[in-house]
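Undergrad:
Protein chains: 2
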Amino acid sequence: MPKQVELKNVKITGGYFHEKQKMNRQITIPATYRQFYNTGRIDAFKLKWRSEQPNQPHIFWDSDVAKWIEGAAYTLIHKRDVNLESLIDSIIEDLVSGQTSEGYFNSYYQTVELANRFTNRNNHELYCAGHLIEGAVAYKKATGKYAFLNAMCRYADYIYEVFTDPYRDKNYITPGHEEIELALVKLYHETKNKKYLDLSKFFIDKRGTIDGEKQTNDGWASSNYAQDHLPVVEQATAEGHAVRCLYMFSGAADIAREFNDEKLKKACETVFDNIINKRMYVTGGIGGNYSGEAFSYDYDLPNELAYTETCASIAMIFFCDRMYLLTGEKKYIDIIELQLYNAVLSGISLHGDRFFYCNPLEVHPERRDYFTKIRNSQFAPEYERPEYFGCSCCPPNVIRLISSLGQYMYHVDGDDQDDEEIDKIYVNLYNSSVFEYNGVKIIQETDYPRSGKINITVETQETEETDKKFELYLRIPNWNKNFKCGADRYDITNDRYIAVNPFESGCDQFSLEFEMPVVELYANPKVHYCAGRIAIKRGPIVYCAEGVDNGDYLKSVKISDNPEYKCEQSQIDDNNIIKITCDCEIITEKSDVLYSENIFKKEKKRLSLIPYASWANRGRNEMLVWFMK
Amino acid sequence: MPKQVELKNVKITGGYFHEKQKMNRQITIPATYRQFYNTGRIDAFKLKWRSEQPNQPHIFWDSDVAKWIEGAAYTLIHKRDVNLESLIDSIIEDLVSGQTSEGYFNSYYQTVELANRFTNRNNHELYCAGHLIEGAVAYKKATGKYAFLNAMCRYADYIYEVFTDPYRDKNYITPGHEEIELALVKLYHETKNKKYLDLSKFFIDKRGTIDGEKQTNDGWASSNYAQDHLPVVEQATAEGHAVRCLYMFSGAADIAREFNDEKLKKACETVFDNIINKRMYVTGGIGGNYSGEAFSYDYDLPNELAYTETCASIAMIFFCDRMYLLTGEKKYIDIIELQLYNAVLSGISLHGDRFFYCNPLEVHPERRDYFTKIRNSQFAPEYERPEYFGCSCCPPNVIRLISSLGQYMYHVDGDDQDDEEIDKIYVNLYNSSVFEYNGVKIIQETDYPRSGKINITVETQETEETDKKFELYLRIPNWNKNFKCGADRYDITNDRYIAVNPFESGCDQFSLEFEMPVVELYANPKVHYCAGRIAIKRGPIVYCAEGVDNGDYLKSVKISDNPEYKCEQSQIDDNNIIKITCDCEIITEKSDVLYSENIFKKEKKRLSLIPYASWANRGRNEMLVWFMK
């Protein structure tokens, strides 16, 4: 089975990911810190808030800061930054001094509801603990500093003690917002302390088996909301709050892998299939239901009222990553790619300091303005990314995903101990980068996904100790039908990888080119919102049209039978994009008649399309993904 | 200007209206009484409810019962019914004994919040008073009994005293839910006491001029919600709660007519234009916004989330009726016809005992089931009419409209005193009926709107006192392009009436036939919900398709280029309807693929369409009005 590589061994050297990581370092990380500082989230770690003061700590604040630390930490792996580290160290110092003698830390409970620890499972307590653990692991990896990690081990030890002891005083067993499950697996990997793995398994196993917990959620949502309707192994559909659901299944996939649990693996696979076959937008967006930030029922994928939270798509990447490690199946990487370039990166402005919580596929600004005015904005999505959310989970989630992109790009399969075995190196995402592993260097040079062309160089540093052989596996993306590979000899595996043995093929440098024609996608007729319409895609990128390029009435745009798609280089806000144009008919008649027996006049025009993730960077305007055909 | 006729002079003798009135008398009126009795609404008039007992009176209960009395009273005009009268008399006795010495009556305030009369304008107090007044006027007209009317005069006198005296103790001036304005005009017409007319004018004039009142609505809706944003004469768009808005403009149109107020008339005309040109569904439905049962902004007409309350369309009929009396313009009758046959009658089951509050144009039952399950049913409309609503305004509103249909059918214009002037008799709605006026009898025989053919007989009873001449004006409906009139001589007026002078034409019997081809309607592209789609209409009837006839995937139905529309007699629940069939393509492929580059397989089929108002009488199924073309 493929294994994760160390982030320090992947250096992103240029291209699309490099642009995003530069933005992340220079704009997003400092801007988010400022927002967190200004709202009191950073000082909350000092536990000095007292009743009646401004900036009362909120139940999820610790998680916001923890995710920011995690994201910032990944940037330190390749390049230490004294100033950034001292900001983080200062937060960690506060946390360590505030931690109780038992190891407990929560800036909300320790200042607002001291007596009520572990009494309300909906209050994100173990969720915050999980994110702090993830932050601690990342910071230790990046800097070698142990203070945060040790503090979190103490906390995890305490959680173990409280939750696995049936006689301890607590009001619930499993958390209302999952996250700690996957975090404990990370803590286990970093510390090798199996207790943390066991605790994760404990939470996964208990969920959905405790009658009392099912009822506690009834207040504002059904038990499905917190994935409590069934034991995890029995779940077959993605239910409830999308982020919670996918954090849980990420943890479940970890546990299935670590314990070789076939039943749990099967549940994870079934839920994955349910999502991608029945509950996922063409952009990858998931959890379309505004009511509860949740998965809806099969095929219910409204385009305008698409909740599709940025965090949900990030959580889907986490889940797919673990499913890939669990099964070695390429299809999970294909979904990571789809999520990343579309539903996730739509969550952040091209400049890097504004964020979407929701990522709809159809936007009418006048609707948002109206419903905002009458204070019922759940009926219409935003058309511009705000700088800040009160509930600020998405910005630091984007930060940590962007700064850890390297770990999704390469995987290896092999045994360091066994010299006879041939190592496998998987190139799963394409971007200019250098990957080093066991004395081998894989170098990619590419402008992917704007171009399908990738130059690959393989450098082997022969050491005296080993001349271990390896094979290179290059993912053929699920959207690709034709490619050219410049290697003298290669095979195509059943699972659609290009297998190159650099030693056999005798080449240390070759080109690879995935054809990226523009394609039209139809939705299953059960998705009635898309009836008679197509989405347009090139490579992994879903396209949309904006009013600023095409005028009003986007819903009336009809793509021509032979639309003559053309791709051209363009820019939005200094970001390079590939723009697509095509022939269409647009209604141009400005009529005052509401209903008419006569069809409204149309004109042939060129429609201008931009990558979905780059929408909403040019002011207030309409946006649409599904066009009449 | 045309005048209203007395309901007693119009006898509906057969056809569509007769079926509805029979159902109303035999099913709807008794069933609604039972519901009201079982829920405590009838006994509430005894004012015996005490704290902690079941069935606490609600702020709008008086209005429910009052509308039921009004509706029942209209049925008594042509046929007295001792049992029905004794039920009503008993309620009236309770009311009269419960009325305070000042004349005040409100079953909620007198039992629940005795001290708080006239303190909370949102509590429907004057709204209830208005409906009681309308009920009292109707009951006096029907039976000649004065008890109810006199009681309501005392109440109106008291309201006059309280509200026009600036020194009296009350917390508001104008009601939060309009209705009393139009009721007071009716009371004035019945009693000739001008004080009531002045009080109505007072409420209309004051609205939107009082700063304090604007703020009282801020709690859950903007001041637009209660039409408080501007003085009535300055309003140019239909805003806020649709029923309130149109009850108010009904009153305003009355006041404009009574006081010859050109500015107020202009405001009424402007708002009417705003509605029909920008804020009305093709079915006539209005107030599409779920958030506040309200008008949305121009062209915002979502088909699935169409609130389009039955009461709002009834209120639109009241408004149009008064606008016709104010202006004599036929266009108002055209809208009455559209509302009646579509958005209003959709509100009641064909059997007569189940009711829709909302009348959407697209329904997916699985969506309703899902959102009901997660307790957020505002995101999906009902697909079956319930027997009863907690908020039960619509059923008695349908009752009183159906039982008073006669008064919308005929109008007259002439002066009884002036023998020289030629009387004008307008036939505005077509249905088998006999209308008697000044010694003239107009007899219609027709199956309209199922057929466009009408036989008209004119009988003049020559009296010795007068042989006054008259002209007959037959409305040419706005949807009609061709008709055949069997009268030997007739003219077409500028306002699209067929003018027949029976004496000149020498005929006392002739036929009239309006061609009723099936037509396809396009919506203005600004209504993006209907982009690329058509609605199908025949005569005044809008059609829809249901899943029970056509299977699933209605949104994917594409009407063929030459659809060969065919009309045929059919029945639903023993009601005669004209069914339309046409050629279309329907996707029939049952695929598991969510998104595909290949178009899903279609088949040519005949689509079966039924009148919109008869949908949802055959169990749980999809429904759609707008089809791809």
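Protein chains in written order, with my numbering: chain A, 1248 to 1876; chain B, 1248 to 1876.
Note that the Cβ used here is the ideal one computed from N, Cα and C, for glycine as well.
For A/Phe1874, name the three-state secondary structure that DSSP assigns.
TA: Correct three-state label for A/Phe1874: strand.
Undergrad: Taking 8 Å as the cut-off, decide whether the C-beta atoms of B/Val1252 and B/His1775 are in contact.
TA: No. Outside cutoff.
Undergrad: Just to confirm my understanding: we take A/Ala1430, look at its own chain, exclude 5 residues before and 5 after, and list those with CB closer than 6 Å. What are they?
TA: Excluding positions up to five away in sequence, the list reads Gly1377, Ile1380 and Glu1381.
Undergrad: In chain B, which residues lie with their C-beta within 8 Å of the C-beta of A/Asp1290?
TA: By Cβ distance, chain B contributes nothing, its closest Cβ being about 35 Å from A/Asp1290, past 8 Å.
Undergrad: Note down the Cα distance separating B/Tyr1554 from B/Ala1500, rounded to an integer number of angstroms.
TA: Cα to Cα, the separation comes out at about 25 Å.
Undergrad: Using the beta-carbon count (16 or more within 10 Å), is B/Val1840 buried or exposed?
TA: Flag for B/Val1840 reads exposed.
Undergrad: Would you say A/Ile1289 and A/Ala1389 are within 8 Å of each other, going by their C-beta atoms?
TA: No.
Undergrad: Please list the partners that B/Ala1746 has in chain A, where partner means a Cβ-to-Cβ separation under 7 Å.
TA: Neighbours of B/Ala1746 on chain A: none; closest Cβ ~27 Å, over 7 Å.
Undergrad: Can you pull out the residues from the stretch 1587-1615 of chain A whose beta carbon lies closer than 8 Å to at least one beta carbon of chain B?
TA: Residues His1611, Glu1613 and Arg1614.
Undergrad: Is DSSP giving B/His1424 helix, strand or coil here?
TA: B/His1424: coil per DSSP, three-state reduction.
Undergrad: Please list, in chain order, the chain A residues whose beta carbon lies closer than 9 Å to that of B/Leu1768.
TA: Simply Tyr1842, Ser1843 and Glu1844.
Undergrad: Are there 16 or more other CB atoms within 10 angstroms of the CB of B/Cys1605, so buried, or fewer, so exposed?
TA: The residue is buried, with at least 16 neighbouring Cβ atoms inside 10 Å.
Undergrad: Would you call the CB atoms of B/Glu1631 and B/Ala1860 closer than 8 Å?
TA: Contact flag unset, no.
Undergrad: In whole angstroms, what separates the C-alpha of B/Asn1234 from that of B/Lys1577?
TA: There is simply no residue 1234 of chain B to check, as chain B begins at 1248 and stops at 1876 in what is shown.
Undergrad: Which two residues bound the contiguous beta strand (DSSP E) that contains B/Tyr1407?
TA: No beta strand (DSSP E) holds B/Tyr1407; the alpha helix (DSSP H) holding it covers Ala1394 to Thr1411.
Undergrad: Which word fits A/Pro1633, buried or exposed, when buried means at least 16 other C-beta atoms lie within 10 angstroms of its C-beta?
TA: Label assigned to A/Pro1633: exposed.
Undergrad: Residues of chain B with CB closer than 7 Å to the CB of A/Asn1623, please, in chain order.
TA: Under the 7 Å cutoff, chain B gives Ser1538.
Undergrad: Return no unless some Cβ of chain B is closer than 8 Å to the Cβ of A/Tyr1800.
TA: For A/Tyr1800, the answer is yes, since a Cβ of chain B falls inside 8 Å of its Cβ.
Undergrad: Skipping 5 residues on each side, what residues in its chain have a beta carbon closer than 7 Å to that of A/Asn1256?
TA: Closer than 7 Å at the Cβ level, and outside the excluded window around A/Asn1256, lie Phe1682, Glu1683 and Tyr1684.
Undergrad: Could you have a look at A/Arg1614 and say whether DSSP puts it in helix, strand or coil?
TA: Three-state DSSP puts A/Arg1614 in a helix.
Undergrad: Let me see if you follow: with CB-CB separation under 8 Å, is A/Gly1466 close to chain B or not?
TA: Residue confidence is low: A/Gly1466 scores 44 on pLDDT, short of 50, so the model does not pin down where it sits. No coordinate-derived value is stated.
Undergrad: Taking Cβ-Cβ distances shorter than 9 Å, what residues in chain A pair up with B/Gly1350?
TA: None at all; the shortest Cβ gap to chain A is about 38 Å.
Undergrad: Is A/Phe1496 helix, strand or coil when you go by DSSP?
TA: A/Phe1496: helix per DSSP, three-state reduction.
Undergrad: Considering only their Cβ atoms, is the gap separating B/Ile1427 from B/Leu1373 smaller than 8 Å?
TA: In contact: B/Leu1373 and B/Ile1427 (Cβ atoms closer than 8 Å).
Undergrad: Just the C-alpha distance for A/Tyr1842 and A/Asn1353, rounded to the nearest angstrom, thanks.
TA: When rounded, the distance between both Cα atoms is 60 Å.
Undergrad: Mapping DSSP to helix, strand and coil, what is A/Cys1831?
TA: The answer is strand: DSSP assigns A/Cys1831 an E or B state.
Undergrad: Could you check whether B/Tyr1800 and A/Tyr1188 sit closer than 8 Å to each other, using their CB atoms as the reference points?
TA: What the structure shows of chain A is the stretch from 1248 to 1876, and residue 1188 of chain A is not part of that stretch, so it cannot be assessed.
Undergrad: Quick one: grab the DSSP three-state call for B/Phe1717.
TA: DSSP places B/Phe1717 in strand when its eight states are reduced to three.
Undergrad: Mind listing the chain B neighbours of A/Gly1779? Cutoff is C-beta to C-beta under 9 Å, in chain order.
TA: Residues of chain B passing the Cβ test: Gly1779, Arg1780, Lys1802, Ser1803, Lys1805 and Met1875.
Undergrad: Please report how far the alpha carbon of A/Asn1702 lies from the alpha carbon of A/Cys1814, in whole angstroms.
TA: Distance between the alpha carbons of A/Asn1702 and A/Cys1814 is about 22 Å.
Undergrad: If you count every other CB in all the chains shown that lies within 10 Å of the CB of A/Asp1465, and 16 or more means buried, which is it?
TA: At A/Asp1465 the pLDDT is 48, less than 50, meaning the model places this residue with poor confidence; the figure from the coordinates comes in the next sentence. That one is exposed.
Undergrad: Note down, in chain order, each residue of its chain lying with its Cβ closer than 6 Å to the Cβ of A/Thr1530, except the 5 sequence neighbours on either side.
TA: Taken in chain order, the residues that qualify are Asn1589, Ala1590, Val1789 and Tyr1859.
Undergrad: From B/Glu1516 to B/His1424, what does the alpha carbon distance come to, in whole angstroms?
TA: Near 22 Å, if we compare the C-alpha coordinates of B/His1424 and B/Glu1516.
Undergrad: Expressed to the nearest angstrom, what Euclidean distance is found between the alpha-carbon atoms of A/Lys1512 and A/Arg1364?
TA: Approximately 33 Å, taken between the alpha carbons.
Undergrad: A/Pro1628: which of A/Ser1639, A/Leu1608 and A/Phe1636 sits nearest, CA to CA?
TA: Closest option to A/Pro1628, Cα to Cα, is A/Leu1608.
Undergrad: Work out the CA separation of B/Phe1496 and B/Lys1805 for me, nearest whole Å.
TA: Whole-angstrom Cα-Cα distance: 40 Å.
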